[in-house]
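**Q** Once you've had a glance at the structure underneath, I'll fire off some questions.
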Amino acid sequence: MNMSSFPYVVSGDDGNNMKRWIFFLLLAAPLHAYDNIQFKQAILAPATEQTFIPGGVAVDRTGRVWVSDPQNNCVVLFSSAGEYVERFGRAGSAAGDFMRPHGIATDLEGLIYIADTGNNRIQVLGPDGKPRLAFGERGSGAGQLNTPWGLAVSPDGAVIVGDKGNKRLQLFSKSGIFLHGIDTAAETEDIAVDAAGRLYALNAKTRQVDQWSAAGQPLRSFSGAEPGRKAFVKPAGLAVDLNGLIYVADRGTHQIREMDSKGRTTGLFGRAGTGDGEFRSPEGLAVSGDNVYAADSAARRVSIFTLTRQAGLTPLAPVPAVRVQVSLKNLWPVAADSLAVNPEGQLLALSGTTGLLTFLDRDGKEVQQINSKQQLSLRNPAALVSDPAGNVYIADAGTHRVVKIDPQGGKLIEFGRKNSMFKGGQGELAKPSGIAYGRQNIFVADLGNSRFQAFNDQGLFLFTAGEKGKEQGQLKTPVSIAADNDRIYVADAANRKVVVFNASGRFLREMGLIGGEALMEPRQVVVDGEGNVYVLDAGRGRVVVYDDQGVFVAGFGSLGKSKGFFDRPRALALSDDGRLYVAEEGRVQVFRVVLLPPAPTKLAAASGEGYVELRWEPAKTRFPAKYVVYRSLPSQAPQRLKETVDTVITDSELTPETTYTYTVVSQSVQGALSVPSAPVLASARLSSNAPRLEIVSTHIDDVFSSHYKYYNRVPLARVTLRNNGPAPLQKIKVSFAVQGFMDFPSEVDVAELHFNQQTEVSLPATFNNRILEVSETTPIQAQIKVVYYQGGAENSVVRNVPFKLYSRSTIRWDRKERFAAFVTPNDPPIVDFSRGAVLPFSQAHRGSPVPEPIRLAWALFEGLGTYGISYAPRPNNPYDRVSLDSATVDTMQFARETLSRKSGDCADVVALLASGLEGMTIPTAALDAPGHLFLMFDTGESRKEALAYPESMLVSYAGTYWIPLEATMLGSPFMDAWKRGAEQVRRWQQQGKVAVLDIHQAWETFEPVTLPDVKWDVKPPSLKAVEDKFLKDWKSLVDLRWQTGQAQFKEASAAQPASGEPWLELGFLAVEFKRYEEAREYLTKARADPKIAASAYNNLGNVAFLQGDLPRAEANYKEAQQGDPQDAGISLNLARLYLKQSLPKKASEAFKQALALDPSVKERYGDVSALAP
4 MNMSSFPYVV
14 SGDDGNNMKR
24 WIFFLLLAAP
34 LHAYDNIQFK
44 QAILAPATEQ
54 TFIPGGVAVD
64 RTGRVWVSDP
74 QNNCVVLFSS
84 AGEYVERFGR
94 AGSAAGDFMR
104 PHGIATDLEG
114 LIYIADTGNN
124 RIQVLGPDGK
134 PRLAFGERGS
144 GAGQLNTPWG
154 LAVSPDGAVI
164 VGDKGNKRLQ
174 LFSKSGIFLH
184 GIDTAAETED
194 IAVDAAGRLY
204 ALNAKTRQVD
214 QWSAAGQPLR
224 SFSGAEPGRK
234 AFVKPAGLAV
244 DLNGLIYVAD
254 RGTHQIREMD
264 SKGRTTGLFG
274 RAGTGDGEFR
284 SPEGLAVSGD
294 NVYAADSAAR
304 RVSIFTLTRQ
314 AGLTPLAPVP
324 AVRVQVSLKN
334 LWPVAADSLA
344 VNPEGQLLAL
354 SGTTGLLTFL
364 DRDGKEVQQI
374 NSKQQLSLRN
384 PAALVSDPAG
394 NVYIADAGTH
404 RVVKIDPQGG
414 KLIEFGRKNS
424 MFKGGQGELA
434 KPSGIAYGRQ
444 NIFVADLGNS
454 RFQAFNDQGL
464 FLFTAGEKGK
474 EQGQLKTPVS
484 IAADNDRIYV
494 ADAANRKVVV
504 FNASGRFLRE
514 MGLIGGEALM
524 EPRQVVVDGE
534 GNVYVLDAGR
544 GRVVVYDDQG
554 VFVAGFGSLG
564 KSKGFFDRPR
574 ALALSDDGRL
584 YVAEEGRVQV
594 FRVVLLPPAP
604 TKLAAASGEG
614 YVELRWEPAK
624 TRFPAKYVVY
634 RSLPSQAPQR
644 LKETVDTVIT
654 DSELTPETTY
664 TYTVVSQSVQ
674 GALSVPSAPV
684 LASARLSSNA
694 PRLEIVSTHI
704 DDVFSSHYKY
714 YNRVPLARVT
724 LRNNGPAPLQ
734 KIKVSFAVQG
744 FMDFPSEVDV
754 AELHFNQQTE
764 VSLPATFNNR
774 ILEVSETTPI
784 QAQIKVVYYQ
794 GGAENSVVRN
804 VPFKLYSRST
814 IRWDRKERFA
824 AFVTPNDPPI
834 VDFSRGAVLP
844 FSQAHRGSPV
854 PEPIRLAWAL
864 FEGLGTYGIS
874 YAPRPNNPYD
884 RVSLDSATVD
894 TMQFARETLS
904 RKSGDCADVV
914 ALLASGLEGM
924 TIPTAALDAP
934 GHLFLMFDTG
944 ESRKEALAYP
954 ESMLVSYAGT
964 YWIPLEATML
974 GSPFMDAWKR
984 GAEQVRRWQQ
994 QGKVAVLDIH
1004 QAWETFEPVT
1014 LPDVKWDVKP
1024 PSLKAVEDKF
1034 LKDWKSLVDL
1044 RWQTGQAQFK
1054 EASAAQPASG
1064 EPWLELGFLA
1074 VEFKRYEEAR
1084 EYLTKARADP
1094 KIAASAYNNL
1104 GNVAFLQGDL
1114 PRAEANYKEA
1124 QQGDPQDAGI
1134 SLNLARLYLK
1144 QSLPKKASEA
1154 FKQALALDPS
1164 VKERYGDVSA
1174 LAP
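Residue numbering for the sequence shown follows our numbering, beginning at 4 and increasing consecutively.
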């Protein structure tokens, strides 16, 4: 290549305020090169720091400059203007002290990472310079260090250490958890990482730059030698900018070389000397924006250069160096061989040796403990799992069975032992070693038979899969099993692999057999909500993560006894919030693990008149990703523009001819954000033929057919108008119409618009019922028309604006109130079914001692269950995933559709139950917890004593008590669903994560849909069918009220022995249950309290009246009357009694007496005849 010399201006003060010219070399036609380079300034230590010897240099997010000083065992901070700020550290090994610190780097959070070379560790300082963390120790094992020298931090937070003495690179999480290592076969002088996740190392032996993938694959090496250019002489410093340009500081040539990512030189600057822009011994390098920072140890200064380019460079497409962010949160001294997490978020730790099953809360405190060997007769408990109801299934290898217990440890069922009803050993277990729950089924790793077996949650055998062998799909030692909605994962220790099956047991693939992270001893496998698979490789002390296709994603950990290392690891568990528990020798470590989703790629922008269109390639994820689009102006922080599930958006809310920077990130279902896409610059064009009145921008929200009534009250479209002059315009009319779905356009008047004035107009939309006929998502156009007058003539501007019209079965969970539109209490099919299921039972049990709302709710719940309604999560978009993503468009069934199909997701069955209850005028509310929806209904009772059910099973809301129900348990007893609902409320209330969605309040915004009439032939089950299946549950409901009421009132009496109120309340309850003798006993005790004696006598009279003992009734009424002569109710009771005795005269006198005490008696009863029994 031809070389040319170009002068450049140095603006620095040399003491004589003179500008100097220095020369540098620049390729004639470089691929990427600067057009001008300017020496900006030199950073010098103050006089008090005369021995300042800079080693490494880094620039934080605020522009401050951090310099390591190995000679003085410290780190020195300078302001963004180059002024000395402070010195941190001194010689030593305490926190914040250093021994010969060298490499230094910063992250996006402002943390400072220093290679504390002499102490063989990495120290992390906060932005204030105070020590935050230290990790590493001397040694040659994984995660240990020997003379850490170079240091870099990737944009996604991976800390890369040049482990010089061990001739390798090591990657750590930013909290110091070992990720993996790369053998470099030589000492490294410095390291760097680019935005694409590629690593660079200065090879001290070959004096070249080695480029590696973050996974450790060598990519290329370059020595600097090119035609007409010599190789590096003594390369010492290394940095990479956001565009992928590489900068190498060469002490041998006293220069800094700029190179592209393929190693081609694009520029050189500097020469030997002590003047500005000259070097004696350049070492540490840093790049920030257009500035290059060079630490010169011999000249005792940091030089700053500014590079300018006329042509912009394309930033690298971002790729994370690692896909995992992991940090150690806690360490608990708990011995466990198997782990699980229950719905309460508690960790279940099971010891196979002692048989102790310990429940630990999120802080590691013991909640309860069960001795499985003593209480359940287990011999060698090997694995456990919890179901959504909190029940625990324990696989016992010693007795070859699975035992199911309730959350308190009570045994429910067992299965798996030899049973003659199964042929060929189906359903029989031999040394079960792993167990999983998925889709209401139980999957057991059947170690002794080299297979796995599936059962339902009641222990009924379903199928078996796998066969003994080492070929594809075969198993030898299945030690662990995991399951999600549609896949089953089996860890096979002897074959060193994880085998994947579908939900029916058909073989899909294997993982873990090849690559640098090939498994040695897979001990445990778990799967998260996005299908990522975590494998505990006990042989290497690693947790290895694969995506849903079996592709390696990340790994962390190594064998060792220090924190963050694994000492004979044996079990793994994962919670919904990303907590990963690892059981080892005598302890459990708690990690926080976040997997970064893939970044969007190929972001492109197209400019239009008044808008910019953005497109990108979708992220490759198993479940739909959400994207967040950011927009920024020059020198401004990016602002969130839009969240979307689409890969195309139009930005029309902008100023034409203004350049914006756009980036896009993908967001996982669990909320983790990817690294940003490569940015693009774009601007909207001005309209080429701007009219007098211009439609500058338009925006129409996506339309959900089920909410068509909502858009009549809330603006759907926004239109920005501008008067391009030269005079004001008046009487402007803006209309909005959608052909076929609106009978007439919506119109809004704008009184006046001045010259160059811009205004936004909001437009509602009145849709007709035809919108409910849309069966699939449809792109359609709305017409926006603006009419104005100029010179007496009518003018108009028309724009057709596309938008999406979603079918009536779609919903977006950005506003949970949208759900209320699917609760349709007046829909004839629901009304007919509810009446047919409820009325026969209600009439047959009229007068039962169960409050009417509960009685009706029981009859509806059990009627639906008897009819065959069941919970069936959608396999592709289950509610527990899509509900957490406010941008994903989900589908829902109306109540009539769930009734017809006899199944639905949790939201579907909640809508069905709520529709039926609301149709019987029982108020309902949905309970929204993370990833789950359940129900509660109003008893209408404001006194819990009157309900007489356990307070732990009730929810106090809006002044009354409500009953929570787990709607997904349709088909199970009502009492079980009630108990489960109450458990869910307690669990999520403790975490502050349950919200009440009041259906009536939500209807004020999203009215219930009025569905078209249909022919309906669904018949509710008969009274006999309901009672045959659930009458035992009804009796339990009745008995629970009596037992609870007795216990509550007797406890209250013991607490207030002088008060008769508890006995009076218990007497009332006994009357409801027609336990008249017990009622008389309790009311007799109540009359001992003078404050309520009159009331007690009155009710004793009522009991005697009900028993037919009229003389005793009269005597008690008269005693009551003497105690409270002003109570009109007592007189009315006497009148009723006299009518019963055929004494009309005395009855009339008693009625007159009541009327004199309370004139409203006349309005209520008219005359005494109304009291006739």
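We put the CB at the ideal spot given by N, CA and C, even for glycine.
#1: Let me know if Tyr792 comes out buried or exposed under the rule of 16 or more other beta-carbons within 10 Å of its beta-carbon.
#2: State the beta-bridge partners of Met514 as determined by DSSP.
#3: How is the beta strand (DSSP E) around Leu202 delimited, first residue to last?
#4: With DSSP run on the structure shown, which of helix, strand or coil describes Lys645?
#5: Less than 8 Å between the beta carbons of Pro1093 and Thr869, yes or no?
#6: Roughly how many whole angstroms lie between the Cα atoms of Trp69 and Leu316?
#7: Do three or more CB pairs link the stretch 306-326 to the stretch 192-205 at distances below 8 Å?
#8: Tell me where the beta strand (DSSP E) around Trp215 begins and ends.
#9: Which residues in the same chain have their Cβ closer than 7 Å to the Cβ of Arg274, if we skip the five residues on either side of it in sequence?
#10: Quick check on Asn829: buried or exposed, where buried means 16 or more other Cβ atoms within 10 Å of its Cβ?
#11: Please determine if the stretch 656-668 and the stretch 629-646 are in contact, where contact requires at least 3 C-beta pairs separated by less than 8 Å.
#12: Could you name the residues that DSSP lists as bridge partners for Arg802?
#13: Using alpha carbons as the reference points, say which of Val997, Glu656, Leu334 and Ile416 lies closest to Asn394.
#14: Applying the 10 Å Cβ sphere with the 16-neighbour rule, what's the burial state of Arg634?
#15: Expressed to the nearest angstrom, what Euclidean distance is found between the alpha-carbon atoms of Lys1018 and Val912?
#16: Beta-carbon separation of Met895 and Ala875 under 8 Å?
#17: Specify the secondary structure class of Val834 as computed by DSSP and reduced to three states.
#18: Using 10 angstroms around the beta-carbon of Gly419, count the other beta-carbons present and answer buried if the total reaches 16, otherwise exposed.
#19: Heavy atom of the ligand ZN less than 7 Å from the Cβ of Gln1129, yes or no?
#20: For a quick check, are the C-beta atoms of Gly567 and Gly142 less than 8 Å apart?
#21: By the DSSP assignment, the beta strand (DSSP E) with Ala914 in it spans what residues?
#22: Go to Thr361, then tell me how far its beta strand (DSSP E) extends in each direction, as first and last residue.
#23: Determine whether the beta carbon atoms of Leu936 and Thr927 lie at a separation below 8 Å.
#24: So what does Ser873 bridge to, in DSSP terms?
#25: Quick check: the stretch 1068-1084 against the stretch 1045-1056, are there 3 or more CB pairs under 8 Å?
#26: Do Arg67 and Leu80 have their beta-carbon atoms positioned less than 8 Å apart in this structure?
#27: How about Val1029 and Gly866: are their beta carbons less than 8 Å apart?
#28: Can we say the stretch 119-128 touches the stretch 100-107, given the rule of at least three CB pairs closer than 8 Å?
#29: Is Gln1110 helix, strand or coil by DSSP?
#30: To the nearest angstrom, how far is the alpha carbon of Ser778 from that of Phe825?
#31: Can you tell me which of Ala392, Pro435 and Asp366 puts its alpha carbon nearest to the alpha carbon of Asp460?
#32: Determine the burial state of Val162: buried for a count of at least 16 other Cβ atoms within 10 Å of its Cβ, exposed for fewer.
#33: In whole angstroms, what separates the C-alpha of Arg1261 from that of Leu1135?
#34: Go ahead and pull the three-state DSSP assignment for His710.
#35: Go to Ser375, then tell me how far its beta strand (DSSP E) extends in each direction, as first and last residue.
#36: Please look up how many angstroms separate the CB atoms of Ser453 and Glu470, rounded, as I've assumed it's under 8 Å.
**A** Taking the coordinates as given:
#1: Looking at its Cβ environment, which holds fewer than 16 other Cβ atoms inside 10 Å, Tyr792 is exposed.
#2: Val501, per the DSSP bridge assignment.
#3: Leu202 to Asn206 is the extent of the beta strand (DSSP E) around Leu202.
#4: Reduced to three states, the DSSP call for Lys645 is strand.
#5: Cβ atoms of Pro1093 and Thr869: not closer than 8 Å.
#6: If you take the alpha carbons of Trp69 and Leu316, they lie about 27 Å apart.
#7: Result yes; three or more Cβ-Cβ pairs closer than 8 Å.
#8: Taken as a continuous stretch (DSSP letters only), the beta strand (DSSP E) holding Trp215 covers Gln211 to Trp215.
#9: Correct list, in chain order: His257, Gln258 and Glu281.
#10: Looking at its Cβ environment, which holds fewer than 16 other Cβ atoms inside 10 Å, Asn829 is exposed.
#11: In short, these stretches touch, since the Cβ pair count reaches three.
#12: Beta-bridge pairing links Arg802 to Ile787.
#13: Taking only the C-alpha atoms, the option nearest Asn394 is Ile416.
#14: By the 16-neighbour rule on beta-carbons within 10 angstroms, Arg634 is buried.
#15: Approximately 22 Å between the Cα atoms of the pair.
#16: Cβ atoms of Met895 and Ala875: not closer than 8 Å.
#17: Note: Val834 maps to helix in three-state DSSP.
#18: Gly419 is buried by the Cβ-count criterion.
#19: Here there are no bound small molecules, and the ligand ZN is not part of this structure.
#20: It is not a contact, given that the beta carbons lie outside the stated cut-off.
#21: Here Ala914 belongs to no beta strand (DSSP E); instead the alpha helix (DSSP H) covers Cys909 to Gly922.
#22: Thr361 -> beta strand (DSSP E) spans Leu359 to Leu363.
#23: No, these two residues do not count as a Cβ contact at 8 Å.
#24: Answer is Ser906.
#25: Yes, the stretch 1068-1084 is in contact with the stretch 1045-1056.
#26: It is a contact, given that the beta carbons lie within the stated cut-off.
#27: A contact, by the Cβ cut-off of 8 Å.
#28: These segments touch.
#29: The three-state reading of DSSP puts Gln1110 in helix, counting H, G and I together.
#30: Distance from the CA atom of Ser778 to the CA atom of Phe825, rounded to whole angstroms, is 16 Å.
#31: Closest option to Asp460, Cα to Cα, is Ala392.
#32: By the 10 Å Cβ count, Val162 comes out buried.
#33: The question about residue 1261 has no answer, for the chain in this structure spans 4 to 1176.
#34: Note: His710 maps to helix in three-state DSSP.
#35: Where Ser375 is concerned, there is no enclosing beta strand (DSSP E), although the alpha helix (DSSP H) it sits in stretches over Ser375 to Gln378.
#36: That belief holds up - the Cβ atoms of Ser453 and Glu470 are roughly 7 Å apart, short of 8 Å.
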